[in-house]
Amino acid sequence: MVEPTVAAAAAPLLDAAGLKALGAAIAIAGTGIASGWAEKDIGSAAIGAMAENEALFGKGLILTVIPETIVIFGLVVALLISS
Amino acid sequence: MSRPKRMTKAIIVGHKSILKATVNALHDSNLFHIEDFIEDESGFKISKPFQNAEEVSKKLVKIRSISNFLGIEHKEPTVQKSNSVMHELDAKLGKLDRSISEKSEMISKCENDLKDLENQKKDLLPFLSINLDFDYYRGYENLKVFAGSIKGSLEEGQISSITQAYELFYDPQAKTVVLFVAKEDADRVQEVLQNLEFRDLRVPERGGIPSELLRVTEQKEADASRKIESLKVEVESMKSQYADFLLASDEVLSIENQKAELPLRIATSDNAFIIEGWVPSENYDTVINTVNDATSGRAYVTSIEIEEEEIEEGHIPVEYDNSKPVAPMQMILDLYSRPRYTEIDPSSILFITFPLIYGMILGDIGYAIILGAMALAIKTFVKSDAVKPLMNILIYCQISTFIFGIIYGEFLGFPLASMHGEHGLVPGLLPFWNTITLFPGLSGEEFTFPVHRTHMVMTMIGVSIFVGLIHLNLGFILGFINLSHHGLKHAVLEKGSWMIIELGVLVAALGYFGGISGLTYVGVGILLLGIVLLTMGEGIKGPIELPSLMGNTLSYARIIAVGLSSIYIASTVNDIAFKMIWADHSKIGFAAIAAIIVFILGHGLNTVLSIIAPGLHSLRLQYVEFFGKFYQGGGKKFNPFGYIRKYTEE
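First to last, the sequence lines map onto chains A and B.
Plus 930 on top of the position in the first sequence (first one is 1) and you've got this note's numbering.
Plus 10 on top of the position in the second sequence (first one is 1) and you've got this note's numbering.
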């Protein structure tokens, strides 16, 4: 936490720490959206398949969560940026 | 590490006169998986069901429809003798059927009556405030009666301007008009009414004053509903009276039905039958003995050799062979796919790795105690075969969570041990427990005991990925063992090559970061060798899949990531609750009560999330990353001919 001081008001809008935090946020947000986007189609198809045959739950779950790795990558990148 | 139960393929041959005895014996043993016979050119045909089949299935349909009508649910079984159930089945079923159809007819009659009465009431309502007997509405020679509703409002002057010979009843609220006029004026009056959008109402055919009629109708309605209620109560009492009987007879008849329809699944000639199927090798002798006992040795039972083709095509039914503690994990496997007959059954490995990763993710003493107690309670009070293994798995997971809770020193998101922060010593919940620094971790962090996950994120990512590497390599080793059945060369090319690649990367990295350039070249050499072997084993598909190794490894970073999210939710709840109490901790006021509510609700939410998030992610790591390295699945379930009795006994 940065204490708000008079000097801070004159500082540039984005300092290095702020840009780092923004970068981390973009990494998480972008990969999160990407994961969700990829999973939505697979998920709805998996539900459809499950309605036909309930034994497909396991396979459906696996296929649905495969794109989740994208957001994990995002998280790793965010942690690398901010640490 | 175990394999599915070894199976023996057996054939039972005999004269048709002993078919029934053989079928009974096989059914009782509940050990024989029958291979359905498909008619071919051999001259054997499937046979007809036993004589009683039609009768049995008729009764079964009747019993199930009655159970459905009464809403019978499976419950704590009271065991009855199947003979006595069969004995009184016909008489009891007949009686029950009669009284049920009687009752349901009466109910539907009453319901129809109720509907009629409702309609009558609707007809009556518009006339309610016109207190005129309905008999006066009809039977005139010179009078025309208008009875209907209008829109807008009617002034008496509009009628009196046409004729003086009229009698008007008008209810301005319901907009009902009853008007008696002489026939000769009817046309002109009609015109006036038409302008007011007059519409005829149906005049009830019964005579009587509307209010009186309404009272009678309502009385009848009440009577009918009361009757329906009492009939329903009677049905309900029948439900509790006959539930045991229905469940038991359903079971007995299902068994009879299975037996009676068996001839449809086996090969028969004019005089003989052949039953082909699978039996666990350890039970083969039992099956021989039971069949011989039942037929006094007149049936011929023999085992035949399993053909290579049957193994390859997965014809052999698969039965797990696990110890009791490991057995619940079979549910996780079944959810994915049952192992093939030739594969390693990974249940006993899941028994360790699944709770381990779950615990690594959650790692909190408080949640472990709450969830463990919940699982124990549900296991004790819910007597369901589906819930029990699930609760056992949850308990295993909570044991692991508890152990990791001690390693992480966490209780409901609070750190248990004190630690040195940026602003001096931060006290933990337990005053005597101090954090000890063990050795330096990654990127300037310190590895401590207890492990404060929030303060050593990078180190924990490293640890997670290291755990992932061990897990993945365990998968490669299992794949190696699976494939070594087809020859060592296969196994080395397809699974061993991956491990050689990993070794190459490791050696090269050691050389590069250690500054020994010679070692780097050796590492690159090993890496290239691995890639060549992989290409030989899996074709061009192999090198293309190389980056997935990195993806799979990094995927284990979720262990710390999901864990952190759980900590942050918990500590946020704690922060909010404690700030609210601290605001006026001098007295127990509104804020303190609200703080307690926030605390309970917040941790309640996080408890639910603590089952879902670590469970799903741990499951995913098993299914995608781990199973992807060795597991095929797709085995056929061993489904023996027989029945597990619950409500009856011999």
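Glycine included, every Cβ here is placed at the ideal spot set by N, Cα and C.
Values in this document were obtained by computation on a predicted structure and should not be read as measured data.
Would you grab the beta carbon distance between residue i and residue j for me? Rounded to a whole angstrom, and I think it's under 8 angstroms.
{"i": "B:T447", "j": "B:E456", "result": "5 angstroms"}
{"i": "B:L256", "j": "B:I82", "result": "5 angstroms"}
{"i": "B:I284", "j": "B:F54", "result": "7 angstroms"}
{"i": "B:S76", "j": "B:D107", "result": "Reading off the sequence shown, one finds Ile at residue 76 of chain B, where the question assumed Ser. Indeed they touch by this definition, with Cβ atoms about 7 angstroms apart."}
{"i": "B:V477", "j": "B:Y418", "result": "About 15 angstroms; that fails the 8 angstroms criterion."}
{"i": "B:P214", "j": "B:L224", "result": "The Cβ separation is near 10 angstroms, so there is no contact."}
{"i": "B:L366", "j": "B:H613", "result": "Contact doesn't hold; Cβ gap of about 24 angstroms is too wide."}
{"i": "B:K72", "j": "B:L103", "result": "7 angstroms"}
Would you check if the distance between the CB atom of residue i and the CB atom of residue j is smaller than 8 angstroms?
{"i": "A:T999", "j": "B:G561", "result": "yes"}
{"i": "A:L991", "j": "B:Y633", "result": "yes"}
{"i": "B:T545", "j": "B:G552", "result": "yes"}
{"i": "B:K15", "j": "B:E329", "result": "yes"}
{"i": "B:A289", "j": "B:V301", "result": "The sequence given here has Val at residue 289 of chain B, not Ala. No."}
{"i": "B:H25", "j": "B:R275", "result": "no"}
{"i": "B:K389", "j": "B:M401", "result": "yes"}
{"i": "A:L993", "j": "A:A976", "result": "yes"}
{"i": "B:A337", "j": "B:T658", "result": "no"}
{"i": "B:L404", "j": "B:A385", "result": "yes"}
{"i": "B:H43", "j": "B:N649", "result": "yes"}
{"i": "B:M339", "j": "B:I569", "result": "no"}
{"i": "B:S620", "j": "B:Y377", "result": "yes"}
{"i": "B:L503", "j": "B:G547", "result": "yes"}
{"i": "B:R198", "j": "B:I172", "result": "yes"}
{"i": "B:E286", "j": "B:E45", "result": "yes"}
{"i": "B:G218", "j": "B:F144", "result": "yes"}
{"i": "B:I591", "j": "B:A601", "result": "yes"}
For residue i, which residues in chain B fall below 9 angstroms Cβ to Cβ?
{"i": "A:V1007", "result": "Result: empty, since nearest Cβ-Cβ is about 10 angstroms, beyond 9 angstroms."}
So, with DSSP's three-state summary, where would you put residue i?
{"i": "B:V311", "result": "strand"}
{"i": "B:T227", "result": "helix"}
{"i": "A:G1004", "result": "helix"}
{"i": "A:M931", "result": "Here the model assigns A:M931 a pLDDT of 45, short of 50, so the residue's position is not dependable, and the following value carries that caveat. DSSP places A:M931 in coil when its eight states are reduced to three."}
{"i": "B:W443", "result": "coil"}
{"i": "B:M466", "result": "coil"}
{"i": "B:F421", "result": "strand"}
{"i": "B:E177", "result": "strand"}
{"i": "B:D374", "result": "coil"}
{"i": "B:I536", "result": "helix"}
{"i": "B:S52", "result": "coil"}
{"i": "A:I942", "result": "Sequence inspection shows Pro at residue 942 of chain A; the Ile mentioned does not correspond to that position. Three-state DSSP puts A:P942 in coil, outside helix and strand."}
{"i": "A:A937", "result": "Note that A:A937 scores a pLDDT of 49, beneath 50, so its modelled location is shaky and nothing firm can be said."}
{"i": "B:P624", "result": "helix"}
{"i": "B:L142", "result": "coil"}
{"i": "B:A337", "result": "coil"}
{"i": "B:A290", "result": "The identity of residue 290 of chain B in the sequence shown is Pro, whereas the question assumes Ala. Three-state result, B:P290: strand."}
{"i": "B:F651", "result": "coil"}
{"i": "B:K164", "result": "Going by the sequence as given, residue 164 of chain B is Leu instead of Lys. The answer is coil: DSSP assigns B:L164 none of H, G, I, E or B."}
List, in order along the chain, the chain A residues whose C-beta lies closer than 7 angstroms to that of residue i?
{"i": "B:S347", "result": "G988"}
{"i": "B:R568", "result": "I1002"}
{"i": "B:G561", "result": "T999"}
{"i": "B:A571", "result": "I1002, L1005"}
List the residues of chain A that residue i touches, going by C-beta distances under 8 angstroms, in chain order.
{"i": "B:I471", "result": "V1006, L1009"}
{"i": "B:R630", "result": "L991, I992, V995, E998"}
To the nearest angstrom, report how far apart residue i and residue j are at their CA atoms.
{"i": "B:A270", "j": "B:V33", "result": "9 angstroms"}
{"i": "B:Y566", "j": "A:G1004", "result": "13 angstroms"}
{"i": "B:S247", "j": "B:D254", "result": "13 angstroms"}
{"i": "B:S357", "j": "A:T961", "result": "34 angstroms"}
{"i": "B:F588", "j": "B:L564", "result": "37 angstroms"}
{"i": "B:N492", "j": "B:A63", "result": "46 angstroms"}
{"i": "B:W508", "j": "B:G540", "result": "7 angstroms"}
{"i": "B:M466", "j": "B:G451", "result": "8 angstroms"}
{"i": "A:A946", "j": "A:L952", "result": "10 angstroms"}
{"i": "B:A31", "j": "B:F651", "result": "14 angstroms"}
{"i": "B:G644", "j": "B:R350", "result": "6 angstroms"}
{"i": "B:Q408", "j": "B:A387", "result": "14 angstroms"}
{"i": "B:E635", "j": "B:P624", "result": "16 angstroms"}
{"i": "B:F459", "j": "B:G472", "result": "17 angstroms"}
{"i": "B:V66", "j": "B:N267", "result": "6 angstroms"}
{"i": "B:F637", "j": "B:S39", "result": "35 angstroms"}
{"i": "B:G85", "j": "B:N299", "result": "In the sequence under discussion, the amino acid at residue 85 of chain B is Lys, which differs from the Gly named in the question. Whole-angstrom Cα-Cα distance: 35 angstroms."}
Give the interface partners of residue i over in chain A, defined as CB-CB distance under 9 angstroms, in chain order.
{"i": "B:L564", "result": "T999, I1002, F1003, V1006"}
Which bits of chain B does residue i rub up against, with CB to CB less than 7 angstroms?
{"i": "A:I996", "result": "V634"}
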